[in-house]
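Below is one structure, written out as structure tokens, with a few remarks after it.
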Amino acid sequence: MNERLGRIIPKLLSLSIALVLAGTSAAQETTPAQGADAAPASAAPASQQQQKQKQDAVNLSQVIVTGTRTSDRTQSSSLVPVDVIPSQVLNDSGAVGLGNALDLAVPSLNFPLASMSDTFAFVRPFQMRGLNSDQVLILVDGKRWHSSALMLTLGQVGQGSQGVNINTIPIGAIDHIEVLRDGASAQYGSDALAGVINIILKKGATGGEVQGDYGKYSAGDGASTRLQSNLGFALGEHGWMRISAQVGEQDPTNRAGLDNRPGFTELGRKYQVGIANSNNYNTFLNWGYDFTPKVHLYGYGHYGRLMAEPMAFYRYGTNAPEPKNDLMQYLFPDGDGFNPVEHGVSRDKSFVMGVRGETESGWDWDTSATWGANRVSYGTFNTVNFAFWNDFGYTPRNIHDGTLTSSQATFDFSMGKSLNDYWHLGFGAQYLYQGYKIVAGDLASYYVGNSGVTGGAQGFAGWGPEDASNSRRHSVAEYAQLEGNITDRLSTSLAARHEDYSDFGTNTSYAASGRYDFDHGFALRGTVSTGFRAPGLGQQHASVTTSVSYPAGNSLGLPEGIYLRGLVPPDNKTALLLGSEPLKPETTRSYTVGAVWAPSRAFTTTVDLYNIQLKNRILMSSSMSLVTQSVKDYLAANGVVNSEYVALAYFTNAAEMRIKGIGVVTNYFKELANGGSFQSTVNWSYHKNKVTKVLPNPAVLDALGNIGFQRITRSQAKGLLADQMPRSKFIWTNTWKTGNWGFTGTAVRYGGVTEYSSTSYIYDDIYPARWIFNLAANYYHDRWTFTLGSDNIFDTYPQKAPDGSNFHGIFPYPSSSPFGAQGAYVYGKVVYRW
Numbered sequence: 001m002n003e004r005l006g007r008i009i010p011k012l013l014s015l016s017i018a019l020v021l022a023g024t025s026a027a028q029e030t031t032p033a034q035g036a037d038a039a040p041a042s043a044a045p046a047s048q049q050q051q052k053q054k055q056d057a058v059n060l061s062q063v064i065v066t067g068t069r070t071s072d073r074t075q076s077s078s079l080v081p082v083d084v085i086p087s088q089v090l091n092d093s094g095a096v097g098l099g100n101a102l103d104l105a106v107p108s109l110n111f112p113l114a115s116m117s118d119t120f121a122f123v124r125p126f127q128m129r130g131l132n133s134d135q136v137l138i139l140v141d142g143k144r145w146h147s148s149a150l151m152l153t154l155g156q157v158g159q160g161s162q163g164v165n166i167n168t169i170p171i172g173a174i175d176h177i178e179v180l181r182d183g184a185s186a187q188y189g190s191d192a193l194a195g196v197i198n199i200i201l202k203k204g205a206t207g208g209e210v211q212g213d214y215g216k217y218s219a220g221d222g223a224s225t226r227l228q229s230n231l232g233f234a235l236g237e238h239g240w241m242r243i244s245a246q247v248g249e250q251d252p253t254n255r256a257g258l259d260n261r262p263g264f265t266e267l268g269r270k271y272q273v274g275i276a277n278s279n280n281y282n283t284f285l286n287w288g289y290d291f292t293p294k295v296h297l298y299g300y301g302h303y304g305r306l307m308a309e310p311m312a313f314y315r316y317g318t319n320a321p322e323p324k325n326d327l328m329q330y331l332f333p334d335g336d337g338f339n340p341v342e343h344g345v346s347r348d349k350s351f352v353m354g355v356r357g358e359t360e361s362g363w364d365w366d367t368s369a370t371w372g373a374n375r376v377s378y379g380t381f382n383t384v385n386f387a388f389w390n391d392f393g394y395t396p397r398n399i400h401d402g403t404l405t406s407s408q409a410t411f412d413f414s415m416g417k418s419l420n421d422y423w424h425l426g427f428g429a430q431y432l433y434q435g436y437k438i439v440a441g442d443l444a445s446y447y448v449g450n451s452g453v454t455g456g457a458q459g460f461a462g463w464g465p466e467d468a469s470n471s472r473r474h475s476v477a478e479y480a481q482l483e484g485n486i487t488d489r490l491s492t493s494l495a496a497r498h499e500d501y502s503d504f505g506t507n508t509s510y511a512a513s514g515r516y517d518f519d520h521g522f523a524l525r526g527t528v529s530t531g532f533r534a535p536g537l538g539q540q541h542a543s544v545t546t547s548v549s550y551p552a553g554n555s556l557g558l559p560e561g562i563y564l565r566g567l568v569p570p571d572n573k574t575a576l577l578l579g580s581e582p583l584k585p586e587t588t589r590s591y592t593v594g595a596v597w598a599p600s601r602a603f604t605t606t607v608d609l610y611n612i613q614l615k616n617r618i619l620m621s622s623s624m625s626l627v628t629q630s631v632k633d634y635l636a637a638n639g640v641v642n643s644e645y646v647a648l649a650y651f652t653n654a655a656e657m658r659i660k661g662i663g664v665v666t667n668y669f670k671e672l673a674n675g676g677s678f679q680s681t682v683n684w685s686y687h688k689n690k691v692t693k694v695l696p697n698p699a700v701l702d703a704l705g706n707i708g709f710q711r712i713t714r715s716q717a718k719g720l721l722a723d724q725m726p727r728s729k730f731i732w733t734n735t736w737k738t739g740n741w742g743f744t745g746t747a748v749r750y751g752g753v754t755e756y757s758s759t760s761y762i763y764d765d766i767y768p769a770r771w772i773f774n775l776a777a778n779y780y781h782d783r784w785t786f787t788l789g790s791d792n793i794f795d796t797y798p799q800k801a802p803d804g805s806n807f808h809g810i811f812p813y814p815s816s817s818p819f820g821a822q823g824a825y826v827y828g829k830v831v832y833r834w
């Protein structure tokens with residue numbers, strides 16, 4: 001069935017684009033006739049576009065659906081901070097993915113481009129309000145989206161998280177996005193610790209667009225091409241369907257430097273450090289049908305495919321002073337080395353079907369079922385397995401490493417009713433199923449043998465039979481929310497949700513919100529809430545083998561080189577011997593207080609402060625040595641011998657944290673006398689994370705002596721959990737439209753970051769703040785829009801990494817740069833709308 005889908009979906013994608021192109025005339029024919037006073041047809045589309053943009057800019061009365069169960073809550077009257085980002089803002093930059101577009105619109109969100117992480121090519125992590133992507137709930141039309149199958153394990157932002165790949169959702173399918181910047185477990189359950197991102201799809205039978213983009217970096221590489229389309233059409237007299245499609249290709253970039261060691265420099269630039277080669281396509285269908293005026297069918301379906309080829313570290317041959325392995329002389333007698341290519345294919349599928357309606361007595365009801373999954377098939381090309389060659393006399397060069405699948409299904413039922421003019425009650429229940437599966441790869445991907453020769457596929461060692469697993473769990477939740485007005489000025493909301501998980505037990509979350517409206521558009525608001533995040537199935541059951549470069553003087557006492565490090569499940573036999581325990585859910589207590597000032601439709605500003613107290617923070621432990629003699633003897637006495645790893649880590653409830661911050665959003669809009677408009681938006685956020693408590697080490701590890709284990713390392717406490725992403729971020733965007741022209745300029749200031757050493761402040765690397773400037777010009781003609789722009793127009797790079805932190809000059813820029821290290825990106829767009 002999957003193979004058939006793999007053949008059918010691309011054809012449907014091509015057909016959908018063809019339908020969009022062919023449907024232009026049909027859409028025009030079905031457009032209602034205009035009145036006598038209407039503008040000429042040739043002039044209408046451009047003016048309609050500008051009018052829609054004006055409405056997006058000043059519509060403070062837009063109804064929101066995130067964080068509330070009423071049907072009349074607006075952005076301006078919200079009890080909690082909710083940002084509404086219209087589709088126009090997402091398209092006003094050169095961003096080719098949804099994550100990059102959000103990074104330029106939401107100051108509390110960071111979506112870094114870490115070019116030295118292989119798995120980042122498939123799922124880009126992000127942070128919101130100082131927390132990781134799996135601590136932010138992603139909804140699409142109010143329905144929980146499935147997580148990625150990949151775990152992020154390298155020592156970079158998002159380490160240990162199993163978040164959502166939001167780039168699989170095509171921007172062309174999106175009407176707007178609602179970002180709730182507050183804990184919301186009492187409404188939505190697990191994961192909503194930092195907030196909720198609710199992606200609202202376009203709806204209706206009319207309108208559509210076709211868009212083509214092309215861009216390239218000023219360094220001359222990294223060309224990006226994208227074609228996307230969106231079309232709506234009627235399903236009889238009472239229904240509609242929209243088809244959205246997106247196809248993209250990304251050429252690689254390379255910012256690697258020369259290896260500055262004598263004898264290596266002469267070989268030239270061998271490493272590839274930058275954006276990976278990739279291509280993708282995504283198809284989204286959503287629909288609605290009215291069975292009766294009070295009973296409505298709705299749903300959507302999605303299929304996405306991403307192929308990416310991140311490059312592993314180069315393996316030097318015998319023409320270098322230090323060949324990767326003594327066997328290189330036999331495998332590559334010409335003296336050259338090789339550069340493994342990690343080849344992966346990620347497929348996302350999702351389906352939602354629901355029916356909502358209203359009873360004769362005024363009760364709104366909604367029942368729905370959802371299913372979604374991400375499947376990643378991983379392989380390593382242009383590689384070898386030295387141990388395999390040593391034992392069998394040959395080695396495959398292209399090796400399948402294994403397959404990971406993360407799946408999810410829900411069944412929801414909810415009801416709600418306005419009890420009177422002041423109060424609304426909503427309640428419901430949800431059944432949630434989640435699964436996680438690992439299928440072992442080829443023998444050569446994980447083979448180690450007993451010779452002592454380095455085993456596993458070079459570049460990315462695969463998953464073996466001992467790593468294979470098929471885990472699942474379910475939960476049942478009940479929830480209720482009461483919202484209303486105590487007086488004409490004082491409104492409140494009370495919410496509670498009880499969850500019962502099959503693997504760890506129960507949790508009950510609460511939330512209480514209030515708002516008081518003064519005169520002249522000024523209001524105060526606040527929320528007190530509790531929340532939780534269930535341990536991810538990947539965190540509980542995944543095994544990951546990583547090739548890691550250990551520098552000279554490393555904590556394991558190994559010679560400088562590239563070794564295999566293992567991340568194993570907490571219930572792994574070796575992990576249990578070394579002190580692992582079952583994971584507990586993360587829990588939070590959150591406080592938010594803010595002010596809203598909207599003296600007119602032209603000006604609004606909000607200021608919100610928050611304090612999050614987080615317990616049982618789940619982290620990857622530090623890597624403990626398996627080559628220390630005391631550990632080898634202890635494991636051997638318990639039946640564990642000849643490990644393929646030099647070091648091992650597992651997930652553990654490690655620490656307690658406090659996250660404090662502030663978010664400011666200000667918007668000014670003015671209509672100009674000539675029919676144009678000017679809009680200025682200033683966003684600023686600041687957060688400070690602090691580890692307040694670290695749990696003690698397991699007693700068994702203390703008995704083994706110093707083997708490198710720490711619940712939480714210095715680099716985690718001060719870096720990954722605190723300052724490896726900027727504490728502050730400032731975004732100032734100005735948009736000016738006049739006649740057929742439009743100009744958008746954005747200034748983004750990313751605060752400084754620090755890469756912390758695990759041992760001492762002497763080895764910390766501090767990188768200063770950077771300003772990034774983006775500029776775009778639009779020309780509107782009839783139904784066409786032509787755009788020319790540049791992101792990072794001044795070709796700004798982060799400060800270079802110092803000697804000792806740049807891997808002999810090969811990695812010239814820090815991996816923690818929040819805006820990457822690619823330079824200026826110049827692009828053009830052509831859009832046709834109807």
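Numbering of the sequence shown is given in our numbering, commencing with residue 1 and proceeding in unit increments. All C-beta atoms, glycine included, are put in the ideal place defined by N, C-alpha and C.
Taking 8 Å as the limit between beta carbons, can you name the residues of its chain near residue i, skipping five residues before and five after?
| i | result |
| --- | --- |
| H238 | Y289, D290, F291 |
| F332 | G317, T318, F338 |
| N321 | Strictly speaking, residue 321 in this sequence is Pro, with Asn absent from that position. Once the five neighbours on either side are set aside, the close Cβ partners of P321 are R261, P262, G263, F264. |
| S451 | A387, N390, D391 |
| T253 | S115, Y217, A219, D221, G222, G274, I275, Q822 |
For residue i, is the classification buried or exposed, using 16 other Cβ atoms within 10 angstroms of its Cβ as the cut-off for buried?
| i | result |
| --- | --- |
| Y188 | buried |
| G372 | buried |
| H781 | exposed |
| T400 | In the sequence as presented, Thr is not what sits at residue 400; that position holds His. Burial call: buried. |
| L672 | exposed |
| R489 | exposed |
| W741 | exposed |
| T31 | Residue placement at T31 is poorly supported in this model, since its pLDDT is 33, which falls under 50; the coordinates still yield a value, given next. Answer is exposed; the Cβ neighbour count stays below 16. |
With residue i and residue j assumed to form a contact (beta carbons below 8 Å), what rounded beta-carbon distance in angstroms separates them?
| i | j | result |
| --- | --- | --- |
| A457 | T403 | Wrong, their Cβ atoms sit about 15 Å apart, outside the cutoff. |
| E478 | T70 | Actually they are not in contact, since the Cβ atoms of E478 and T70 sit about 20 Å apart, beyond 8 Å. |
| I707 | M620 | Contact flag wrong, Cβ pair sits at about 16 Å. |
| G301 | S229 | No, G301 and S229 are not in contact; Cβ-Cβ is about 16 Å, not under 8 Å. |
| S346 | V376 | 5 Å |
| Q162 | G536 | 4 Å |
Who are the near neighbours of residue i in its chain, counting only those whose CB is closer than 6 Å to its CB and skipping five residues on each side?
| i | result |
| --- | --- |
| S491 | N485, R515 |
| V877 | This structure cannot speak to residue 877, because the chain is shown only from 1 to 834. |
| L432 | T410, S475 |
| K660 | N611, K688 |
| V596 | A523, T606 |
| K615 | T587, E656 |
| T744 | D92, T735, A776 |
Looking only at its chain, what residues have a beta carbon closer than 7 Å to the beta carbon of residue i, apart from the 5 residues adjacent to it on each side?
| i | result |
| --- | --- |
| D633 | none |
| V295 | V355, G357 |
| Y832 | E209, V210, R783, W784 |
| L19 | Since pLDDT at L19 reaches only 34, below the 50 mark, its modelled position is unreliable, and the value read off the structure follows with that caveat. Hits under 7 Å: L231, I243. |
Checking contacts by CB at 9 Å: is residue i closer than that to chain C?
| i | result |
| --- | --- |
| D517 | The structure shown contains no chain C; it is built from a single protein chain. |
### Query
Which runs of the beta strand (DSSP E) spanning at least 3 residues fall entirely within the stretch 222 to 298, listed in chain order?
With a minimum length of 3 residues, the continuous beta strand (DSSP E) runs that stay inside the stretch 222 to 298 are 224 to 235, 239 to 250, 277 to 292.
### Query
Between the stretch 638 to 657 and the stretch 672 to 685, do three or more beta carbon pairs fall short of 8 Å?
As far as the Cβ criterion goes, the stretch 638 to 657 does not touch the stretch 672 to 685, which means the pair count is below three.
### Message
For a minimum of 4 consecutive residues, which ranges assigned as the alpha helix (DSSP H) are wholly contained in the stretch 514 to 582?
### Response
The alpha helix (DSSP H) runs of length 4 or more contained entirely in the stretch 514 to 582 are, from start to end of the chain, 537 to 541, 573 to 577.
### Task
Give a yes or no on contact between the stretch 82 to 101 and the stretch 147 to 158, applying the rule of three or more CB pairs nearer than 8 Å.
No: fewer than three Cβ pairs fall under 8 Å.
### Runs of beta strand (DSSP E) wholly within the stretch 576 to 642 (minimum 3 residues, chain order)
Segments of the beta strand (DSSP E) lying fully in the stretch 576 to 642: 586 to 600, 603 to 620.
### Message
Whether or not the stretch 823 to 832 and the stretch 778 to 798 are in contact is what I'm after, with contact meaning three or more pairs of Cβ atoms, one per stretch, closer than 8 Å; do they touch?
### Response
As far as the Cβ criterion goes, the stretch 778 to 798 touches the stretch 823 to 832, which means the pair count is three or higher.
### Query
Per the contact definition of three or more C-beta pairs closer than 8 Å, is the stretch 459 to 475 in contact with the stretch 444 to 451?
Look at the beta carbons and you see the stretch 444 to 451 touching the stretch 459 to 475: at least three pairs across the two are nearer than 8 Å.
### Query
Whole beta strand (DSSP E) runs in the stretch 468 to 493 with 3 or more residues, listed along the chain?
The stretch 468 to 493 contains, as complete beta strand (DSSP E) runs of 3+ residues, the segments 469 to 485 (chain order).
### Query
With contact counted as at least three CB pairs below 8 Å, one residue from each stretch, are the stretch 564 to 582 and the stretch 689 to 700 in contact?
Result yes; three or more Cβ-Cβ pairs closer than 8 Å.
### Query
Three or more beta-carbon pairs under 8 Å between the stretch 790 to 804 and the stretch 764 to 773, yes or no?
Short answer: they touch.
### Query
Quick check: the stretch 809 to 818 against the stretch 110 to 130, are there 3 or more CB pairs under 8 Å?
When C-beta atoms of the stretch 809 to 818 are compared with those of the stretch 110 to 130, three or more pairs fall below 8 Å, so the two segments count as touching.
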